[in-house]
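Per my numbering, the sequence shown starts with residue -6, numbered consecutively.
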Amino acid sequence: MIKNKSRREFFSIIGFIGLACGIAGYIYSALRFIFPNILYEPPTSFRIGKPEQYKINSPVFIRERHIFVFYDLQGIYSISSICTHLGCSVNWKHGKESFECPCHGSIFDKDGRVKKGAAPRPLERYAVELAADGNLIVNTGARVDPTYRLKV
Ligand code: FES
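As structure tokens, then:
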């Protein structure tokens, strides 16, 4: 079909296709500007129930939030389950009273401090507050030091 058309017609078609692609790209860019690509993340502050739900010296793992909640004689605290080496999820070892990372063998004490392994930093600790309605609120956006505990 192209054989029968003149050279001028052929380049006109190519030019038209190029122009159409340019206009389509421009429209696509404009629409992307109007509707930006936003990723919605879960809120950093969330309720984890009342203090009575937690037993002393029996840590609770909240999987969907990647945190452990501890209740000991000094109070309640929350600690991240994400290893500071490469981000694997650590496991709590009841008999050893420590966290162990299954990926590269890091071990953390019950306050999240590094006891052994590849992890360069302690596990993150998050602020825990008591709301007016008596519920505990963990704020993963507020990091606290390893001695922090909410007195209840
Ligand atoms: S990810 Fe935990 S030790 Fe490497």
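Glycine residues also receive a C-beta, built at the ideal position from the N, C-alpha and C atoms.
Check: residue i C-beta below 6 Å from any heavy atom of the ligand FES
{"i": "L66", "result": "no"}
{"i": "H59", "result": "no"}
{"i": "L79", "result": "yes"}
{"i": "S99", "result": "yes"}
{"i": "A23", "result": "no"}
{"i": "A135", "result": "no"}
{"i": "A111", "result": "yes"}
{"i": "C14", "result": "no"}
Three-state secondary structure (DSSP) of residue i
{"i": "R136", "result": "strand"}
{"i": "E34", "result": "coil"}
{"i": "Y21", "result": "helix"}
{"i": "F28", "result": "coil"}
{"i": "A112", "result": "coil"}
{"i": "A120", "result": "strand"}
{"i": "L178", "result": "This structure leaves residue 178 out entirely; the chain is present only between -6 and 145."}
DSSP bridge partner residues for residue i (one or two, in chain order)
{"i": "L143", "result": "I69"}
{"i": "S91", "result": "K86 and D102"}
{"i": "F63", "result": "Y70"}
{"i": "E45", "result": "E45 pairs with nothing; no bridge assigned."}
{"i": "I55", "result": "I60"}
{"i": "R40", "result": "I130"}
CB-CB length for residue i against residue j, believed under 8 Å
{"i": "H113", "j": "T77", "result": "Sequence check: residue 113 is Pro here, not His. Right, their Cβ atoms sit about 6 Å apart."}
{"i": "S71", "j": "R118", "result": "7 Å"}
{"i": "F63", "j": "I69", "result": "7 Å"}
{"i": "R142", "j": "Q67", "result": "5 Å"}
{"i": "A120", "j": "N132", "result": "5 Å"}
{"i": "I41", "j": "L116", "result": "No, I41 and L116 are not in contact; Cβ-Cβ is about 17 Å, not under 8 Å."}
{"i": "E93", "j": "V83", "result": "6 Å"}
{"i": "K43", "j": "G127", "result": "5 Å"}
Contact with chain B by residue i, beta-carbon distance below 7 Å
{"i": "I6", "result": "In summary, chain B is missing from the structure at hand, where a single protein chain is found."}
Closer than 6 Å: residue i CB and nearest the ligand FMN heavy atom
{"i": "N50", "result": "In terms of ligand content, the structure shown lacks the ligand FMN and carries the ligand FES instead."}
Is it the case that the stretch 19 to 37 contacts the stretch 86 to 104, given that we only count it when at least three CB pairs across the two stretches are under 8 Å?
no
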